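Please read the structure below before turning to the comments.
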Amino acid sequence: MMSELSFETYRDYIAEHLEIEPEKLTYETRFQEDLELDSLDLVELVSALESEYNLEISDDELMEIKTLGQGYEIIKAKLEANKTTG
Amino acid sequence: MGKGLSYATKGNRVGISALAIEIPQGTLTNLDLEKMVDTSDEWIKQRTGIEVRHIAEPGTPVSMLAVASAKKALDASGLDPKDIDMIIAATATVDMPVPPLACIIQRELGAESCMAFDVLAACSGFIYSCSLAERYIATGAADRILVVCAEILSKLVDYTDRSTCVLFGDASAAVVLEKVPDDGFLSFAIGAEGKGADLIRVTLRDDMPKWRIQLQGQEVYRAAPGLMVNASLEAIELANISLSDISLVVPHQANERITDAYAKRLGIPREKVYSNIARYGNTSAASIPVALFEAVKEERLHDKDVVLMAAVGGGLTWAASTLVWNGVKLG
Numbered sequence: 002m003m004s005e006l007s008f009e010t011y012r013d014y015i016a017e018h019l020e021i022e023p024e025k026l027t028y029e030t031r032f033q034e035d036l037e038l039d040s041l042d043l044v045e046l047v048s049a050l051e052s053e054y055n056l057e058i059s060d061d062e063l064m065e066i067k068t069l070g071q072g073y074e075i076i077k078a079k080l081e082a083n084k085t086t087g
Numbered sequence: 005m006g007k008g009l010s011y012a013t014k015g016n017r018v019g020i021s022a023l024a025i026e027i028p029q030g031t032l033t034n035l036d037l038e039k040m041v042d043t044s045d046e047w048i049k050q051r052t053g054i055e056v057r058h059i060a061e062p063g064t065p066v067s068m069l070a071v072a073s074a075k076k077a078l079d080a081s082g083l084d085p086k087d088i089d090m091i092i093a094a095t096a097t098v099d100m101p102v103p104p105l106a107c108i109i110q111r112e113l114g115a116e117s118c119m120a121f122d123v124l125a126a127c128s129g130f131i132y133s134c135s136l137a138e139r140y141i142a143t144g145a146a147d148r149i150l151v152v153c154a155e156i157l158s159k160l161v162d163y164t165d166r167s168t169c170v171l172f173g174d175a176s177a178a179v180v181l182e183k184v185p186d187d188g189f190l191s192f193a194i195g196a197e198g199k200g201a202d203l204i205r206v207t208l209r210d211d212m213p214k215w216r217i218q219l220q221g222q223e224v225y226r227a228a229p230g231l232m233v234n235a236s237l238e239a240i241e242l243a244n245i246s247l248s249d250i251s252l253v254v255p256h257q258a259n260e261r262i263t264d265a266y267a268k269r270l271g272i273p274r275e276k277v278y279s280n281i282a283r284y285g286n287t288s289a290a291s292i293p294v295a296l297f298e299a300v301k302e303e304r305l306h307d308k309d310v311v312l313m314a315a316v317g318g319g320l321t322w323a324a325s326t327l328v329w330n331g332v333k334l335g
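Sequences listed follow chains A and Z, in order. Residue numbers 2 to 87, in our numbering, belong to the letters of the first sequence in order. Residue numbers 5 to 335, in our numbering, belong to the letters of the second sequence in order.
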């Protein structure tokens, strides 16, 4: 299911997935330190994001995703790249 | 991921008529493991959901567990050994590749001359074998088939590798498949992703005299839920039922976190997904039939319930099936 990407829709999707209020999530929020996700939770969240935005995130990229913002930038870049290649 | 081999069952209706398990007495708890490797009860429970595994005495032949469960299932079914047309042994832990484990079982049961062979589909072995048995009976080529899933994984575990030694346990389970008046197995969705072949391996290492399990845990955790969900949705659609028609989901018990992720992505309430990994660990092919047995004992599974089973295993093999549970005699 494709959603129009904005930080708000991305944040809201994560909030729903993690069952947390969206207000608690900011661009700088750290998945492990602030939300207490362990590495398996993060893998599961990234898999859900891959499904939601219909893209693939590599293991290397997964390692770089420590904050909501970092995840957002990676997804945004991929969706932009998909648009230009059609 | 493609569709694999998926079908709605046609022909004679085929169901499970008997089910029995054989569990080794010996146990390995998280506290035991804390003394062996750098790990903790809390970490193991949090990451895998496992508290205890049953372990066979070192040197126990897998045929011993296999035959014990097979005899119990056969007794429960009320069938004579000579009535059995085929024995399929699903296992990744044979003591020797030849003779097939199924032939040893055949000898011990006295099921003279019946077709007998082994299936190696790793943790998907139960569903793979049920599909084979179902098709033979549905087409009328056979009437009664015994499927035995026996695993002694402990002999393959490297108990110095803390990332894998906490995961696996030993068990055997056997089912008899026969024609049923109606319902029975409704559908199967079965396949494999060979590009994931290196993620779960049992290999001979130079520094060790025996075969050892090696697992890319993170990658398997990433791949497994999606494969199980896709297979499950395919099986549900082919069965012409909806998610809400399913009374109980019995997934392969690999890791509680995988089960959680699978349930979430499938969109089914977690309470409808059966879990007993805390008591057994991952018993590969035996995992689903042992879970079915316990689900009945715990009154989570009743006659006329629609069961969804799903698995992912080394290969990566994957499989799902829907079945109407009815009149199963427990051994």
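Just so you know, even glycine gets a beta-carbon here, dropped at the ideal spot from N, CA and C. Just so it is clear, the structure is predicted and the values come from calculations on it, not from any experiment.
Legend entry - Buried versus exposed, by CB contacts within 10 Å (16 or more), residue 5 of chain Z: Position 1 of the second sequence, counted from the start, is the residue given in the question as residue 5 of chain Z. Residue 5 of chain Z comes out exposed.
Inset, instruction - Confirm, please, whether the CB-CB distance from residue 99 of chain Z to residue 62 of chain Z is below 9 Å. - result: Residue mapping note: residue 62 of chain Z aligns to position 58 of the second sequence, counting from 1. Residue mapping note: residue 99 of chain Z aligns to position 95 of the second sequence, counting from 1. No, the Cβ-Cβ distance between residue 62 of chain Z and residue 99 of chain Z is not below 9 Å.
Inset, instruction - Flag residue 41 of chain A as yes if its beta-carbon sits less than 9 Å from any beta-carbon of chain Z, otherwise no. - result: Here the question's residue 41 of chain A lines up with position 40 in the first sequence. At least one CB of chain Z lies nearer than 9 Å to the CB of residue 41 of chain A.
Inset, instruction - Please confirm whether residue 336 of chain Z and residue 89 of chain Z have their CB atoms less than 9 Å apart. - result: Because chain Z is modelled from 5 through 335, residue 336 of chain Z falls outside the range shown and cannot be assessed.
Inset, instruction - Tell me whether the beta-carbon of residue 170 of chain Z lies closer than 9 Å to the beta-carbon of residue 34 of chain Z. - result: Here residue 170 of chain Z refers to the residue found at position 166 when the second sequence is read from its first residue. Here residue 34 of chain Z refers to the residue found at position 30 when the second sequence is read from its first residue. Their beta carbons are under 9 Å apart, which means residue 170 of chain Z touches residue 34 of chain Z by this criterion.
Inset, instruction - Find out if the Cβ-Cβ distance for the pair residue 253 of chain Z, residue 312 of chain Z is shorter than 9 Å. - result: Your numbering for residue 253 of chain Z matches position 249 in the second sequence. Your numbering for residue 312 of chain Z matches position 308 in the second sequence. Yes.
Inset, instruction - Kindly indicate the opening and closing residues of the alpha helix (DSSP H) around residue 129 of chain Z. - result: Taking the second sequence and counting its residues from 1, one reaches residue 129 of chain Z at position 125. Where residue 129 of chain Z is concerned, the enclosing alpha helix (DSSP H) stretches over 129-142.
Legend entry - Nearest-angstrom Cα separation, counted from residue 133 of chain Z out to residue 102 of chain Z: Taking the second sequence and counting its residues from 1, one reaches residue 102 of chain Z at position 98. Taking the second sequence and counting its residues from 1, one reaches residue 133 of chain Z at position 129. Residue 102 of chain Z and residue 133 of chain Z: Cα-Cα distance of roughly 19 Å.
Legend entry - Chain-ordered residues of the stretch 227-240 of chain Z with a beta carbon less than 8 Å from chain A: 229 and 230
Legend entry - Exposure label - residue 2 of chain A; buried when at least 16 CB within 10 Å: The residue you call residue 2 of chain A lines up with position 1 of the first sequence. Residue placement at residue 2 of chain A cannot be trusted, given a pLDDT of 47 that sits under 50; the coordinates are not used to answer.
Legend entry - Cross-strand partners of residue 325 of chain Z (DSSP beta bridge): For the purposes of this step, residue 325 of chain Z is taken as residue 321 along the second sequence, with counting starting at 1. Per DSSP, Z/192 and Z/313.
Inset, instruction - Answer with yes or no whether the minimum CB distance from residue 223 of chain Z to chain A is below 9 Å. - result: As a working note, residue 223 of chain Z is residue 219 in the second sequence. It does: the Cβ of residue 223 of chain Z has a partner Cβ on chain A nearer than 9 Å.
Legend entry - residue 226 of chain Z, buried or exposed, once every other Cβ within 10 Å from all chains shown has been counted against 16: Translated into the one-based positions of the second sequence, residue 226 of chain Z becomes position 222. Counting Cβ neighbours within 10 Å, residue 226 of chain Z comes out buried, since at least 16 surround it.
Inset, instruction - Compare the C-alpha of residue 112 of chain Z against each of Z/123, Z/78, Z/97 and Z/335 and name the closest. - result: Here residue 112 of chain Z refers to the residue found at position 108 of the second sequence. Selected option, being the one with the closest Cα: Z/78.
Inset, instruction - Determine, using beta-carbon pairs with one atom in the stretch 236-248 of chain Z and one in the stretch 187-199 of chain Z, whether at least three such pairs fall under 8 Å. - result: The stretch 236-248 of chain Z vs the stretch 187-199 of chain Z: in contact.
Inset, instruction - Measuring alpha carbon to alpha carbon, tell me which of Z/324, Z/301, Z/316 and Z/322 ends up nearest residue 23 of chain Z. - result: Residue 23 of chain Z sits at position 19 when you count from the first residue of the second sequence. Selection Z/324, Z/301, Z/316 and Z/322 evaluated against residue 23 of chain Z yields Z/301 as nearest (Cα-Cα).
Legend entry - Burial state of residue 185 of chain Z, where buried means 16 or more other Cβ atoms lie within 10 Å: Mapped onto the second sequence, residue 185 of chain Z falls at position 181. If you draw a 10 Å sphere on the C-beta of residue 185 of chain Z, you find fewer than 16 other C-beta atoms in it, and that means exposed.
Legend entry - Residue burial classification, residue 266 of chain Z (beta-carbon count within 10 angstroms, cutoff 16): Residue mapping note: residue 266 of chain Z aligns to position 262 of the second sequence, counting from 1. Flag for residue 266 of chain Z reads buried.
Inset, instruction - Quick one: list the residues of chain Z neighbouring residue 45 of chain A, beta-carbon separation under 7 Å, in chain order. - result: Locating residue 45 of chain A in the first sequence gives position 44, where the first residue counts as 1. Those are 265, listed as they occur along chain Z.
Inset, instruction - Just the chain Z side, please: which residues come within less than 9 Å of residue 7 of chain A by C-beta, in chain order? - result: The residue given as residue 7 of chain A occupies position 6 in the first sequence. The contacting residues do not exist; residue 7 of chain A stays about 24 Å from chain Z at best.
Inset, instruction - Tell me, please, whether the CB atom of residue 110 of chain Z is closer than 9 Å to any CB atom in chain A? - result: Taking the second sequence and counting its residues from 1, the one referred to as residue 110 of chain Z is at position 106. Chain A contact via Cβ: absent.
Inset, instruction - Please go through the stretch 167-233 of chain Z and give each complete beta strand (DSSP E) segment of 3 or more residues, from N-terminal end onward. - result: 174-183, 189-196, 204-208 and 215-219
Inset, instruction - Compare the C-beta of residue 268 of chain Z against all C-beta atoms of chain A and say whether one is closer than 9 Å. - result: On the second sequence, position 264 is the one that residue 268 of chain Z refers to. So, interface residue.
Legend entry - residue 259 of chain Z (DSSP reduced to helix, strand or coil): Translated into positions along the second sequence, residue 259 of chain Z becomes position 255. In this structure, residue 259 of chain Z counts as coil in the three-state DSSP scheme.
Inset, instruction - Just grab the DSSP bridge partners of residue 56 of chain Z for me. - result: The count along the second sequence starts at 1 and reaches residue 56 of chain Z at position 52. Checking the DSSP bridge columns, you'll see residue 56 of chain Z partnered with Z/33.
Inset, instruction - Give the DSSP bridge partners of residue 31 of chain A, in chain order. - result: Taking the first residue of the first sequence as position 1, residue 31 of chain A is located at position 30. Note: residue 31 of chain A sits in a beta bridge opposite A/68.
Legend entry - Residues near residue 64 of chain A in its chain [Cβ-Cβ closer than 6 Å; skip 5 each side]: For the purposes of this step, residue 64 of chain A is taken as residue 63 along the first sequence, with counting starting at 1. No residues qualify anywhere along the chain.
Inset, instruction - Give the residues of chain A in contact with residue 261 of chain Z, contact being defined as C-beta atoms less than 8 Å apart. - result: What you label residue 261 of chain Z is simply residue 257 of the second sequence in a count that begins at 1. In chain order: 41 and 45.
Legend entry - Members of the stretch 47-63 of chain A that neighbour chain Z once the beta carbon cut-off is set at 7 Å: Those residues of the stretch 47-63 of chain A placed with their C-beta closer than 7 Å to a C-beta in chain Z are 48, ordered along the chain.
Inset, instruction - Express the C-alpha separation of residue 78 of chain A and residue 10 of chain A in angstroms, rounding to a whole number. - result: Position 9 of the first sequence holds residue 10 of chain A. Position 77 of the first sequence holds residue 78 of chain A. Going from the Cα of residue 10 of chain A to the Cα of residue 78 of chain A covers about 16 Å.
Legend entry - CA-to-CA distance, residue 48 of chain Z to residue 205 of chain Z, given in whole angstroms: Taking the first residue of the second sequence as 1, we reach residue 205 of chain Z at position 201. Taking the first residue of the second sequence as 1, we reach residue 48 of chain Z at position 44. Residue 205 of chain Z and residue 48 of chain Z: Cα-Cα distance of roughly 22 Å.
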